[in-house]
Amino acid sequence: MKVLGNRWIFRVKYLPNGETERFKARLVVKGFMLVYGVDYLEVYSPVVRLETLRMLLTLAAIWNYEVDQMDVTTAFLNGPIDGEVYMEQPKGYEEAGKEDWVCMLDKSLYGLKQAPRVWFRLLKDHLEKQDFTIMNCEACVAVKVIDGELVFISIYVDDLILFAPNKKLMKELKQMFHVRFEMKDLGPIHYILGREITRNRKERTIFINQRKYADKVLHRFGMERCNGCKVPSTPDLELSKVMCPTTKEENLMSGKPYRAVIGSLMYLMLGTRPDLAYLVRECSQFLENPGILHWRAAKRGLRYLKETQDWGLQFGGVQWSQQKLNDHLKAFADADFANRVDDRKSIAGYLTQFCGSTIS
C-alpha cells in the first residue's frame with residue numbers, strides 16, 4: 001500500500017489594487033509519488049481559451065449583459081475520488097496515540113494528479129443536470145436559454161464568469177451554484193486571470209489590460225526608470241544566428257535573464273498585447289544562445305512596454321448594438337517570402353476580429 005506524504009502551503013492573496021486580501025493555508029498531497037497507469041489514468045482537464053473569453057466579453061459589451069464572477073471555495077475538495085488513495089496524517093493534526101495511522105481519502109485533494117479532472121467532471125455533471133448545454137467547440141462554456149434569454153458560463157478551473165441579460169437572471173444563476181457548492185460571489189467582473197477589466201456601460205465597451213503585470217515586469221528587470229520608445233522594434237531588425245556568441249570571451253550574456261524577459265513579454269502578448277508578437281517571435285529563436293544584439297532587442301521590448309504599459313484590448317462599442325453580428329467576423333492574414341536570414345523561411349501572421357474587436 002502506497003502512502004502519500006503531504007505539506008502545508010502558505011500564501012498571501014492580494015486584491016487588484018495590491019492590498020492584502022487574506023492569508024491562506026492549504027494542505028497539499030505529494031501527488032508526484034503517484035504512478036501513471038497504476039495509481040491514476042486520465043488527468044486532462046480543460047480551461048476556457050482566451051480567444052473564447054474575448055468573444056464572450058465582446059458579446060457582453062454589445063448586448064449590455066451583466067458579467068459577474070464567482071469563485072468556488074476549495075473546489076478540488078468537492079469531487080469524490082476513484083479508487084483508494086492513502087495519505088499521512090497532516091502535520092499538527094496527528095491523532096494522539098495513533099500517530100502511525102494513515103488517512104484514506106474520501107474526496108479529492110490539492111496535489112493529486114487527477115484532482116483537476118475530478119473537479120471538472122463534477123462541475124460539468126452539475127451544469128448538465130441544470131439543463132445547460134456544453135458547447136462542442138469549447139468544453140468550458142455552458143449555454144442555456146432561460147425565459148427566452150441566452151445565458152453563458154465560462155469555466156477556468158474554479159473561476160466562473162457568468163453572463164446574463166439582467167440582474168434577475170444573474171441572481172438565478174448564482175443561486176444554482178450556491179445550492180450545490182460553497183461559493184464566493186465576487187460581483188461584477190473587475191479582475192480575471194491577472195487582467196484588469198474596465199467597463200463603460202454607456203459606450204458598451206469592455207477594456208482589459210495587464211498594466212500591473214507590466215509594471216511588475218519592469219521592476220523585476222530593473223527597467224522601471226528606463227526611457228520608453230514608441231515602437232517595439234526597428235524596421236531593420238534582422239536577428240540571426242551569426243549574432244550568437246561562439247567563444248567564452250564573446251559570451252557576455254551568461255548572467256542576463258534573457259529567457260525570463262522573453263517569457264514575460266510572451267505572457268503579455270498572449271493576454272492583451274498582440275503588438276508584441278513580432279518582437280517575441282524574433283527573440284524567441286535565440287533562447288539557447290543569445291548574443292548582445294539579441295539582448296538589446298529584448299530590452300527594447302521592455303522600453304516599449306514602459307511607454308505603453310496602459311495599453312490593452314477593447315471589446316464592443318455602441319455602434320454594433322443595432323447590427324447583425326453574424327456579418328462581422330473577419331480574419332486577416334499576410335506573409336512574406338523567404339525573409340528569414342538564417343534559413344530563408346517565410347513569416348506569416350494573422351488577426352481575427354469580431355465586431356471590430358480583436359479576438360486572436
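Sequential numbering of the sequence shown, starting at 1, is according to UniProt numbering. In this text, a Cβ means the ideal position worked out from N, Cα and C, and glycines have one as well.
Check	Outcome
Between residue 56 and residue 163, is the Cβ-Cβ spacing less than 8 Å?	yes
Do residue 58 and residue 316 count as a contact pair if the criterion is CB distance below 8 Å?	yes
Quick check: what's the CA-CA separation for residue 275 versus residue 128?	39 Å
Mind checking whether residue 212 and residue 196 have CB atoms under 8 Å apart?	yes
With contact counted as at least three CB pairs below 8 Å, one residue from each stretch, are the stretch 253 to 272 and the stretch 165 to 182 in contact?	no
In whole angstroms, what is the alpha-carbon distance linking residue 51 and residue 94?	47 Å
Tell me which residues share the same chain as residue 337 and place their Cβ nearer than 8 Å to its Cβ, disregarding the 5 neighbours each side in the sequence.	346
Once the 5 residues before and after residue 82 are set aside, which same chain residues still bring their CB inside 8 Å of it?	114 and 118
Just tell me which of 214, 8, 170 and 63 has its CA closest to the CA of residue 312.	214
Mind listing, in chain order, the continuous alpha helix (DSSP H) runs of no fewer than 4 residues lying wholly within the stretch 184 to 228?	211 to 220
Quick check: what's the CA-CA separation for residue 255 versus residue 181?	49 Å
Between residue 25 and residue 76, what straight-line distance do the alpha-carbon atoms span, to the nearest angstrom?	15 Å
At what residues does the beta strand (DSSP E) containing residue 107 begin and finish?	First-last for residue 107: undefined, no H or E at that position.
What residue range does the alpha helix (DSSP H) around residue 57 cover?	50 to 63
When DSSP labels each residue in this structure, what does residue 87 get in the three-state scheme?	strand
Between which two residues does the alpha helix (DSSP H) harbouring residue 99 extend?	Neither: residue 99 is in no alpha helix (DSSP H) and is coded neither H nor E.
Rank 357, 277, 286 and 351 by C-alpha distance to the C-alpha of residue 332 and give the top, closest one.	351
Within the stretch 293 to 344, note down every full alpha helix (DSSP H) run reaching 4 residues or more, in order along the chain.	none
With a CB to CB cut of under 6 Å and the five nearest residues on each side skipped, what residues in its chain are close to residue 31?	111, 112 and 113
Considering Cα atoms alone, identify which of 307, 320 and 357 is closest to residue 63.	320
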